[in-house]
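What follows is a single structure, written as C-alpha coordinates, with notes after it.
In my numbering, the protein residues as written are 796 to 988.
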(Lines of atoms letter the chains of each structure in order from A and count residues from 1; the text may use other names and numbers.)
(Lines give C-alpha, C1' and ligand atoms only; values in the text may rest on other atoms or scores of the structure.)
Protein backbone atom coordinates (compact mmCIF):
# COMPACT_ATOMS: atom_id res chain seq x y z
CA UNK A 1 0.00 0.00 0.00
CA UNK A 2 2.89 2.36 0.74
CA UNK A 3 4.24 1.76 -2.76
CA UNK A 4 0.88 2.72 -4.32
CA UNK A 5 0.73 5.88 -2.18
CA UNK A 6 4.30 6.78 -3.14
CA UNK A 7 3.51 6.33 -6.85
CA UNK A 8 0.37 8.47 -6.50
CA UNK A 9 2.00 11.34 -4.59
CA UNK A 10 5.02 11.35 -6.88
CA UNK A 11 2.82 11.49 -9.98
CA UNK A 12 0.74 14.39 -8.65
CA UNK A 13 3.34 16.50 -6.87
CA UNK A 14 7.03 15.64 -7.13
CA UNK A 15 7.19 14.09 -10.61
CA UNK A 16 4.35 16.01 -12.25
CA UNK A 17 4.05 15.33 -15.98
CA UNK A 18 3.93 19.03 -16.86
CA UNK A 19 6.17 20.77 -14.36
CA UNK A 20 8.82 18.07 -13.78
CA UNK A 21 8.79 15.94 -16.93
CA UNK A 22 7.67 18.70 -19.34
CA UNK A 23 5.13 16.46 -21.10
CA UNK A 24 1.89 17.95 -22.36
CA UNK A 25 3.11 21.53 -22.67
CA UNK A 26 1.05 22.22 -25.82
CA UNK A 27 -2.39 21.78 -24.20
CA UNK A 28 -1.04 23.25 -20.96
CA UNK A 29 -0.30 26.55 -22.67
CA UNK A 30 -3.11 26.41 -25.23
CA UNK A 31 -6.15 25.48 -23.13
CA UNK A 32 -5.28 27.29 -19.92
CA UNK A 33 -6.88 30.67 -20.56
CA UNK A 34 -10.12 29.81 -18.75
CA UNK A 35 -10.62 27.55 -15.74
CA UNK A 36 -13.69 25.77 -17.15
CA UNK A 37 -11.96 24.68 -20.38
CA UNK A 38 -8.80 23.77 -18.44
CA UNK A 39 -10.78 21.59 -16.05
CA UNK A 40 -12.61 19.93 -18.95
CA UNK A 41 -9.31 19.17 -20.65
CA UNK A 42 -7.89 17.89 -17.37
CA UNK A 43 -10.83 15.55 -16.82
CA UNK A 44 -10.51 14.21 -20.36
CA UNK A 45 -6.78 13.63 -19.82
CA UNK A 46 -7.42 11.81 -16.51
CA UNK A 47 -9.86 9.50 -18.25
CA UNK A 48 -7.62 8.86 -21.25
CA UNK A 49 -4.47 8.39 -19.12
CA UNK A 50 -6.18 5.98 -16.75
CA UNK A 51 -7.75 3.84 -19.46
CA UNK A 52 -4.63 4.06 -21.67
CA UNK A 53 -2.40 2.90 -18.82
CA UNK A 54 -4.62 -0.13 -18.24
CA UNK A 55 -5.02 -1.05 -21.91
CA UNK A 56 -1.38 -0.48 -22.83
CA UNK A 57 -0.25 -2.66 -19.90
CA UNK A 58 -2.50 -5.46 -21.16
CA UNK A 59 -1.35 -5.01 -24.76
CA UNK A 60 2.30 -4.91 -23.73
CA UNK A 61 2.30 -7.83 -21.31
CA UNK A 62 -0.23 -10.13 -22.97
CA UNK A 63 0.37 -9.44 -26.67
CA UNK A 64 3.64 -7.70 -27.50
CA UNK A 65 6.05 -9.44 -25.11
CA UNK A 66 4.72 -13.00 -25.64
CA UNK A 67 4.88 -12.54 -29.42
CA UNK A 68 8.33 -10.96 -29.30
CA UNK A 69 6.99 -7.69 -30.70
CA UNK A 70 8.10 -5.41 -27.88
CA UNK A 71 10.00 -3.29 -30.43
CA UNK A 72 6.54 -2.21 -31.67
CA UNK A 73 5.58 -0.90 -28.21
CA UNK A 74 5.49 2.81 -29.07
CA UNK A 75 3.46 2.30 -32.25
CA UNK A 76 0.99 0.03 -30.47
CA UNK A 77 0.63 2.48 -27.59
CA UNK A 78 -0.04 5.37 -29.99
CA UNK A 79 -2.77 3.33 -31.73
CA UNK A 80 -4.41 2.48 -28.41
CA UNK A 81 -4.31 6.12 -27.27
CA UNK A 82 -5.68 7.37 -30.60
CA UNK A 83 -8.59 4.95 -30.37
CA UNK A 84 -9.40 5.98 -26.79
CA UNK A 85 -9.30 9.67 -27.69
CA UNK A 86 -11.73 9.09 -30.54
CA UNK A 87 -14.18 7.52 -28.08
CA UNK A 88 -13.75 10.42 -25.64
CA UNK A 89 -14.25 12.92 -28.46
CA UNK A 90 -17.47 11.23 -29.64
CA UNK A 91 -18.77 11.06 -26.04
CA UNK A 92 -18.04 14.75 -25.39
CA UNK A 93 -19.57 15.81 -28.71
CA UNK A 94 -22.85 14.10 -27.77
CA UNK A 95 -23.01 14.77 -24.02
CA UNK A 96 -21.11 18.08 -23.53
CA UNK A 97 -21.26 20.05 -26.80
CA UNK A 98 -20.30 23.39 -25.19
CA UNK A 99 -17.14 21.93 -23.67
CA UNK A 100 -16.44 20.04 -26.89
CA UNK A 101 -16.54 23.25 -28.92
CA UNK A 102 -14.52 25.25 -26.37
CA UNK A 103 -11.72 22.67 -26.37
CA UNK A 104 -11.61 22.87 -30.16
CA UNK A 105 -8.52 21.37 -31.75
CA UNK A 106 -6.94 20.54 -28.38
CA UNK A 107 -9.27 17.59 -27.75
CA UNK A 108 -8.05 15.56 -30.73
CA UNK A 109 -4.53 16.66 -29.83
CA UNK A 110 -4.77 14.45 -26.72
CA UNK A 111 -3.88 11.70 -29.21
CA UNK A 112 -0.47 13.26 -29.70
CA UNK A 113 -0.20 14.57 -26.14
CA UNK A 114 3.12 13.22 -25.03
CA UNK A 115 1.88 13.17 -21.42
CA UNK A 116 -0.47 10.27 -22.21
CA UNK A 117 2.15 8.34 -24.17
CA UNK A 118 4.78 9.24 -21.56
CA UNK A 119 2.65 7.79 -18.76
CA UNK A 120 2.22 4.53 -20.67
CA UNK A 121 5.96 4.31 -21.39
CA UNK A 122 6.93 5.21 -17.80
CA UNK A 123 4.69 2.38 -16.58
CA UNK A 124 6.64 -0.02 -18.76
CA UNK A 125 10.04 1.50 -17.95
CA UNK A 126 9.47 1.28 -14.19
CA UNK A 127 8.11 -2.27 -14.39
CA UNK A 128 4.80 -1.41 -12.76
CA UNK A 129 2.21 -4.17 -12.39
CA UNK A 130 -1.35 -3.63 -13.59
CA UNK A 131 -2.62 -1.87 -10.45
CA UNK A 132 0.47 0.35 -10.20
CA UNK A 133 0.13 1.24 -13.89
CA UNK A 134 -3.48 2.30 -13.50
CA UNK A 135 -2.69 4.27 -10.32
CA UNK A 136 0.20 6.01 -12.05
CA UNK A 137 -1.93 6.81 -15.10
CA UNK A 138 -4.85 8.20 -13.12
CA UNK A 139 -2.70 10.19 -10.67
CA UNK A 140 -0.57 11.58 -13.50
CA UNK A 141 -3.84 12.81 -15.00
CA UNK A 142 -4.82 14.29 -11.64
CA UNK A 143 -1.45 16.06 -11.54
CA UNK A 144 -2.10 17.36 -15.06
CA UNK A 145 -5.55 18.60 -13.96
CA UNK A 146 -4.18 20.24 -10.82
CA UNK A 147 -1.46 22.14 -12.65
CA UNK A 148 -3.56 23.23 -15.64
CA UNK A 149 -6.41 24.48 -13.42
CA UNK A 150 -4.02 26.36 -11.13
CA UNK A 151 -2.32 27.86 -14.18
CA UNK A 152 -5.66 28.83 -15.76
CA UNK A 153 -6.82 30.52 -12.55
CA UNK A 154 -3.58 32.51 -12.39
CA UNK A 155 -3.91 33.49 -16.06
CA UNK A 156 -7.48 34.65 -15.50
CA UNK A 157 -6.34 36.91 -12.67
CA UNK A 158 -3.40 38.20 -14.72
CA UNK A 159 -5.81 39.56 -17.34
CA UNK A 160 -6.51 42.42 -14.92
CA UNK A 161 -2.82 43.09 -14.26
CA UNK A 162 -0.79 45.68 -16.08
CA UNK A 163 2.58 44.06 -16.74
CA UNK A 164 5.36 45.81 -18.64
CA UNK A 165 4.85 45.74 -22.43
CA UNK A 166 7.60 43.16 -22.94
CA UNK A 167 5.77 40.67 -20.66
CA UNK A 168 2.25 41.04 -22.06
CA UNK A 169 0.62 37.87 -23.36
CA UNK A 170 2.64 34.72 -23.85
CA UNK A 171 5.88 35.81 -22.12
CA UNK A 172 3.95 36.38 -18.90
CA UNK A 173 2.42 32.90 -19.24
CA UNK A 174 5.89 31.36 -19.57
CA UNK A 175 7.18 33.25 -16.54
CA UNK A 176 4.13 32.11 -14.57
CA UNK A 177 4.67 28.48 -15.62
CA UNK A 178 8.32 28.64 -14.58
CA UNK A 179 7.39 30.07 -11.17
CA UNK A 180 4.85 27.26 -10.73
CA UNK A 181 7.55 24.70 -11.57
CA UNK A 182 9.82 26.23 -8.93
CA UNK A 183 6.97 26.14 -6.40
CA UNK A 184 6.30 22.45 -7.13
CA UNK A 185 10.02 21.78 -6.70
CA UNK A 186 9.35 22.36 -3.00
CA UNK A 187 7.51 19.02 -2.91
CA UNK A 188 10.70 17.15 -3.89
CA UNK A 189 11.66 16.67 -0.23
CA UNK A 190 8.35 14.91 0.51
CA UNK A 191 8.94 11.49 2.09
CA UNK A 192 6.47 8.61 2.27
CA UNK A 193 6.86 6.50 5.41
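No residue lacks a Cβ here, since even glycine has one placed at the ideal position from N, Cα and C.
Buried or exposed by the 16-neighbour rule on C-beta atoms within 10 Å, applied to residue 896: exposed
So, are the CB atoms of residue 845 and residue 944 less than 8 angstroms apart? no
Just reading off the alpha helix (DSSP H) that residue 977 is part of, what are its end residues? 965-980
Any 3 or more C-beta pairs closer than 8 angstroms across the stretch 804-813 and the stretch 972-982: Cβ pair count under 8 angstroms is three or more, so yes.
So, using beta-carbon positions, are residue 910 and residue 840 closer together than 8 angstroms? yes
Could you tell me the alpha carbon to alpha carbon distance between residue 813 and residue 861, rounded to whole angstroms? 33 angstroms
Short of 6 angstroms in beta carbon distance, which residues of its chain neighbour residue 888, apart from the five on each side in sequence? Order them along the chain. 895
Could you give the first and the last residue of the continuous alpha helix (DSSP H) run that contains residue 918? 909-920
Where does residue 761 fall in DSSP's three states? Outside the displayed range of the chain (796 to 988) lies residue 761, so it cannot be described from this structure.
Under 8 angstroms between C-beta atoms of residue 928 and residue 848: yes
Between the CA atoms of residue 826 and residue 961 - distance to the nearest angstrom: Spanning the alpha carbons of residue 961 and residue 826 requires a straight line of approximately 22 angstroms.
For residue 958, which of helix, strand or coil comes out of DSSP? coil
Helix, strand or coil at residue 931 [DSSP, three-state]: The three-state reading of DSSP puts residue 931 in helix, counting H, G and I together.
First and last residue of the alpha helix (DSSP H) that includes residue 843? 830-854
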